[in-house]
Ligand code: ADP
Ligand code: MG
């Protein structure tokens, strides 16, 4: 069976896209699924989080998208069995410009993934904080939809209408199956009214898409990347780890209940 492919998108930076993609990926692998994490962000944060130095890469997503290097040649193993990564480095920023001149420029990632979709249960695409061509490529490849992380902070929903508008355009022209597969609340601080307000607002806007699991603000989650580790390796008993474990269980229940 072909992999279920999800993009993690929100044009706001720092809302937890990478943290969610990486740690959800780790717990899906821990639950016995084979997972490919595609680092579709020139910042290479997902690559770093998985213990790979973006500066030492011989082949990265840039080569896959622009030079048609087979993605199999770029994929690296991580120290977690079942979790592989297609890493990115800073040259991916140039890809955004170079892509603009290519035919079928929105479908480069979708096409690049085709040879490996039968090898994985899940492919998670970590998009950059913009609505540019890299993100459009991620959304076009996302056969099973987009996961939107929303940070529990002031103006959390600001800009989401622009993202939803982009989703609608991609759905019309490039990927008819594109849907909002989930909305994840991140960096929740139970001590503030603000966090609770954001939860209520998101529940009102996305009653069916919101995940019941809410990821708390947890310092272990922010420390793990500097050790090149997922939260499952770094601090499996932390509140952040328990949240991503619960999110993975809820994710599997939601995604595997339907064909
Ligand atoms: P994005 O990919 O959307 O830009 P990140 O996942 O990189 O966002 O998160 C932004 C920053 O916040 C990172 O330094 C990350 O370690 C930190 N972070 C993410 N989620 C949490 C959390 N639940 N608690 C504490 N820090 C977090
Ligand atoms: Mg990121």
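Residue numbers (the working numbering): 123 to 381.
All C-beta atoms in this analysis are idealised placements derived from N, C-alpha and C, irrespective of residue type, glycine included.
Computed from a prediction, not measured in an experiment: that's the story for all the values here.
Rounded C-alpha distance that separates residue i from residue j
i	j	result
residue 226	residue 338	40 Å
residue 165	residue 134	14 Å
residue 241	residue 132	27 Å
residue 152	residue 130	20 Å
residue 187	residue 292	19 Å
residue 372	residue 341	23 Å
residue 115	residue 180	Because the chain spans 123 through 381 in this model, residue 115 falls outside it and cannot be assessed.
residue 216	residue 366	33 Å
residue 248	residue 158	11 Å
residue 173	residue 347	8 Å
residue 222	residue 326	38 Å
residue 329	residue 189	42 Å
residue 303	residue 175	31 Å
residue 362	residue 276	21 Å
residue 314	residue 220	45 Å
residue 281	residue 256	18 Å
residue 364	residue 283	31 Å
residue 290	residue 252	16 Å
Cβ-Cβ distance between residue i and residue j below 8 Å
i	j	result
residue 149	residue 370	yes
residue 171	residue 140	yes
residue 169	residue 212	no
residue 335	residue 144	no
residue 128	residue 258	no
residue 262	residue 301	no
residue 198	residue 183	no
residue 355	residue 202	yes
residue 147	residue 205	yes
residue 239	residue 124	yes
Min CB distance residue i to chain D below 8 Å
i	result
residue 211	Absent here is chain D; the protein component of the structure consists of one chain.
Sequence-distant residues of the same chain with beta carbon closer than 8 Å to residue i, five excluded per side
i	result
residue 126	243, 244, 245, 265, 266, 377
residue 324	272, 278, 279, 305, 307, 332
residue 167	140, 161, 248, 347
residue 294	none
residue 250	162, 163, 164, 165, 256, 257
residue 357	342, 345, 346, 363
Residue i burial status per 10 Å Cβ neighbour count (16 or more: buried)
i	result
residue 218	buried
residue 194	exposed
residue 312	exposed
residue 349	exposed
residue 162	buried
residue 232	buried
residue 260	buried
residue 322	exposed
residue 236	exposed
residue 297	buried
residue 214	buried
residue 379	exposed
residue 285	buried
Other residues of its chain near residue i: CB distance less than 6 Å, five sequence neighbours each side excluded
i	result
residue 224	none
residue 274	307, 309, 310, 317, 320
residue 254	218
residue 375	none
residue 160	208, 247
Sequence-distant residues of the same chain with beta carbon closer than 7 Å to residue i, five excluded per side
i	result
residue 177	211
residue 191	181, 185
residue 299	265
residue 200	172, 173, 206, 207
residue 137	271, 272, 273, 308
residue 368	335
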